[in-house]
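Undergrad: Have a look at this one before I ask anything.
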Amino acid sequence: EDQVTQSPEALRLQEGESSSLNCSYTVSGLRGLFWYRQDPGKGPEFLFTLYSAGEEKEKERLKATLTKKESFLHITAPKPEDSATYLCAVQSNQAGTALIFGKGTTLSVSS
Amino acid sequence: KAGVTQTPRYLIKTRGQQVTLSCSPISGHRSVSWYQQTPGQGLQFLFEYFSETQRNKGNFPGRFSGRQFSNSRSEMNVSTLELGDSALYLCASSLDGVEGSPLHFGNGTRLTVT
Numbered sequence: 001e002d003q004v005t006q007s008p009e010a011l012r013l014q015e016g017e018s019s020s021l022n023c024s025y026t027v028s029g030l031r032g033l034f035w036y037r038q039d040p041g042k043g044p045e046f047l048f049t050l051y052s053a054g055e056e057k058e059k060e061r062l063k064a065t066l067t068k069k070e071s072f073l074h075i076t077a078p079k080p081e082d083s084a085t086y087l088c089a090v091q092s093n094q095a096g097t098a099l100i101f102g103k104g105t106t107l108s109v110s111s
Numbered sequence: 001k002a003g004v005t006q007t008p009r010y011l012i013k014t015r016g017q018q019v020t021l022s023c024s025p026i027s028g029h030r031s032v033s034w035y036q037q038t039p040g041q042g043l044q045f046l047f048e049y050f051s052e053t054q055r056n057k058g059n060f061p062g063r064f065s066g067r068q069f070s071n072s073r074s075e076m077n078v079s080t081l082e083l084g085d086s087a088l089y090l091c092a093s094s095l096d097g098v099e100g101s102p103l104h105f106g107n108g109t110r111l112t113v114t
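Protein chains in written order, with our numbering: chain A, 1 to 111; chain B, 1 to 114.
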């Protein structure tokens with residue numbers, strides 16, 4: 001069964017304090033791994049898609065990386081506006097077009 | 001470009017009633033998916049429609065159904081509502097639904113069942 005586990009559940013950082021969020025996955029053939037950001041009261045906002053081990057994508061202070069078993073979302077010098085819940089999801093051969101989501105990491109950045 | 005639009009934003013219903021939620025995808029997107037989000041289970045896939053046909057279905061009871069119209073707009077229906085159906089229902093669209101294509105989500109409909 002396809003499974004996605006995110007850690008930690010919650011993370012508190014000071015402004016400028018870099019860190020990483022982890023997404024471990026077990027799937028029957030990875031078709032894509034997705035990172036989303038979700039603010040309270042809103043739907044998930046698409047950040048990145050990664051397709052194969054070794055791939056990296058960057059956007060402003062965020063960098064996503066992928067291995068055969070996990071993905072990391074690195075946050076460099078975060079700002080308070082980076083506070084949100086970050087969701088990881090996978091598409092697999094078994095699930096087809098469905099996204100299998102992790103429970104998310106809630107990030108709080110204080111100034 | 002307008003994003004995914006869901007209506008209504010909030011709904012309060014009573015157990016046993018039925019409800020219909022609406023979704024307008026991003027212009028040009030032909031695939032529409034529905035997800036349920038709850039604090040305990042997170043985001044769970046309900047179903048996906050492409051060109052008016054249900055192409056994929058999650059593990060939800062038959063009380064949950066949906067449809068897609070020729071203009072790609074979609075509706076989902078929940079019959080005989082239960083307290084456990086209280087959740088945020090999210091609609092997402094993608095260009096063609098090809099595996100690996102990112103989904104773009106609306107802001108959801110918050111359903112409360114009393």
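Even glycine gets a Cβ: it sits at the ideal position worked out from N, Cα and C.
Which residues in the same chain have their Cβ closer than 8 angstroms to the Cβ of residue 45 (chain A), if we skip the five residues on either side of it in sequence?
TA: The count along the first sequence starts at 1 and reaches residue 45 (chain A) at position 45. Short of 8 angstroms from the beta carbon of residue 45 (chain A), and not among the five residues preceding or following it, lie these beta carbons of its own chain, in chain order: 36, 37, 38, 39.
Undergrad: Using the DSSP secondary-structure output, state which residues sit across from residue 93 (chain A) in a beta bridge.
TA: Within the first sequence, residue 93 (chain A) is the residue found at index 93, counting from 1. In the DSSP output, where bridge partners are listed per residue, residue 93 (chain A) has none listed.
Undergrad: Leaving out five residues before and five after residue 101 (chain A) in sequence, what residues of the same chain have Cβ atoms less than 8 angstroms from its Cβ?
TA: The residue given as residue 101 (chain A) occupies position 101 in the first sequence. Within the same chain, residue 101 (chain A) has close Cβ partners 4, 87, 88, 89.
Undergrad: Tell me, which residues are paired with residue 12 (chain A) by DSSP?
TA: The count along the first sequence starts at 1 and reaches residue 12 (chain A) at position 12. DSSP, once it has assigned bridges, lists A:108 as partnering residue 12 (chain A).
Undergrad: Go through its chain and collect everything with a Cβ distance to residue 73 (chain B)'s Cβ below 6 angstroms, but skip five positions before and after it.
TA: Position 73 of the second sequence, counted from the start, is the residue given in the question as residue 73 (chain B). Excluding sequence neighbours, residue 73 (chain B) sits near 24.
Undergrad: Which of helix, strand or coil does DSSP assign to residue 83 (chain B)?
TA: Here residue 83 (chain B) corresponds to residue number 83 of the second sequence, with the count starting at 1. Correct three-state label for residue 83 (chain B): helix.
Undergrad: Would the segment 104–114 of chain B and the segment 8–25 of chain B be scored as touching if the rule is three or more Cβ pairs under 8 angstroms?
TA: yes
Undergrad: Could you tell me which chain B residues have their CB closer than 7 angstroms to the CB of residue 86 (chain A), listed as they occur along the chain?
TA: Start at 1 with the first residue of the first sequence, and residue 86 (chain A) comes out as number 86. Neighbours of residue 86 (chain A) in chain B, taken as residues whose beta carbon is under 7 angstroms from its own, are absent, since the nearest beta carbon is some 13 angstroms off.
Undergrad: For chain A, find out if any of its Cβ atoms is closer than 8 angstroms to the Cβ of residue 73 (chain B); answer yes or no.
TA: Indexing the second sequence from 1 puts residue 73 (chain B) at position 73. False, the Cβ-Cβ gap to chain A never drops below 8 angstroms.
Undergrad: Does chain A have any CB closer than 8 angstroms to the CB of residue 55 (chain B)?
TA: Reading the second sequence from its first residue, position 55 is the one you call residue 55 (chain B). Answer yes: the Cβ-Cβ gap between residue 55 (chain B) and chain A drops below 8 angstroms somewhere.
Undergrad: Could you give the first and the last residue of the continuous beta strand (DSSP E) run that contains residue 67 (chain A)?
TA: The residue given as residue 67 (chain A) occupies position 67 in the first sequence. Per DSSP, residue 67 (chain A) belongs to no beta strand (DSSP E) and is neither H nor E.
Undergrad: May I have the straight-line CA-CA distance separating residue 25 (chain A) from residue 33 (chain A), to the nearest angstrom?
TA: Locating residue 25 (chain A) in the first sequence gives position 25, counting from the first residue. Locating residue 33 (chain A) in the first sequence gives position 33, counting from the first residue. Rounded to whole angstroms, the separation of the alpha carbons of residue 33 (chain A) and residue 25 (chain A) is 9 angstroms.
Undergrad: Count the C-beta pairs between the segment 95–104 of chain B and the segment 25–34 of chain B that are closer than 8 angstroms, then say yes if the count reaches three, no if not.
TA: yes
Undergrad: Name the DSSP beta bridge partners of residue 78 (chain B), please?
TA: As a first step, residue 78 (chain B) must be located in the second sequence, where it is residue number 78. DSSP lists B:19, B:64 as partners of residue 78 (chain B).
Undergrad: Is residue 56 (chain A) helix, strand or coil when you go by DSSP?
TA: To locate residue 56 (chain A), count along the first sequence from 1; it is residue 56. In the structure shown, residue 56 (chain A) sits in a strand (DSSP, three-state: E or B).
Undergrad: Name, please, each residue of chain B whose Cβ falls closer than 7 angstroms to the Cβ of residue 94 (chain A).
TA: Along the first sequence, one-based indexing puts residue 94 (chain A) at 94. Contact note: residue 94 (chain A) does not reach chain B at a C-beta cutoff of 7 angstroms; the least C-beta distance is about 11 angstroms.
Undergrad: In whole angstroms, what separates the C-alpha of residue 69 (chain B) from that of residue 15 (chain A)?
TA: Start at 1 with the first residue of the second sequence, and residue 69 (chain B) comes out as number 69. Start at 1 with the first residue of the first sequence, and residue 15 (chain A) comes out as number 15. Those two C-alpha atoms are separated by around 47 angstroms.
Undergrad: Count the other CB atoms, across all protein chains shown, that sit within 10 Å of the CB of residue 54 (chain A); report buried if there are 16 or more and exposed otherwise.
TA: Position 54 of the first sequence, counted from the start, is the residue given in the question as residue 54 (chain A). Residue 54 (chain A) should be labelled exposed.
Undergrad: Beta-carbon separation of residue 65 (chain B) and residue 77 (chain B) under 8 angstroms?
TA: Within the second sequence, the letter at position 65 stands for residue 65 (chain B). Within the second sequence, the letter at position 77 stands for residue 77 (chain B). Taking 8 angstroms as the Cβ cut-off, residue 65 (chain B) and residue 77 (chain B) qualify as a contacting pair.
Undergrad: Would you grab the beta carbon distance between residue 13 (chain A) and residue 107 (chain A) for me? Rounded to a whole angstrom, and I think it's under 8 angstroms.
TA: Taking the first sequence and counting its residues from 1, the one referred to as residue 13 (chain A) is at position 13. Taking the first sequence and counting its residues from 1, the one referred to as residue 107 (chain A) is at position 107. Indeed, because the Cβ distance is near 7 angstroms, the residues count as touching under 8 angstroms.
Undergrad: Among A:104, A:51, A:8, A:79, which residue has its Cα nearest to the Cα of residue 101 (chain B)?
TA: In the second sequence, residue 101 (chain B) corresponds to position 101, counting from 1. Among A:104, A:51, A:8, A:79, the Cα nearest to that of residue 101 (chain B) belongs to A:51.
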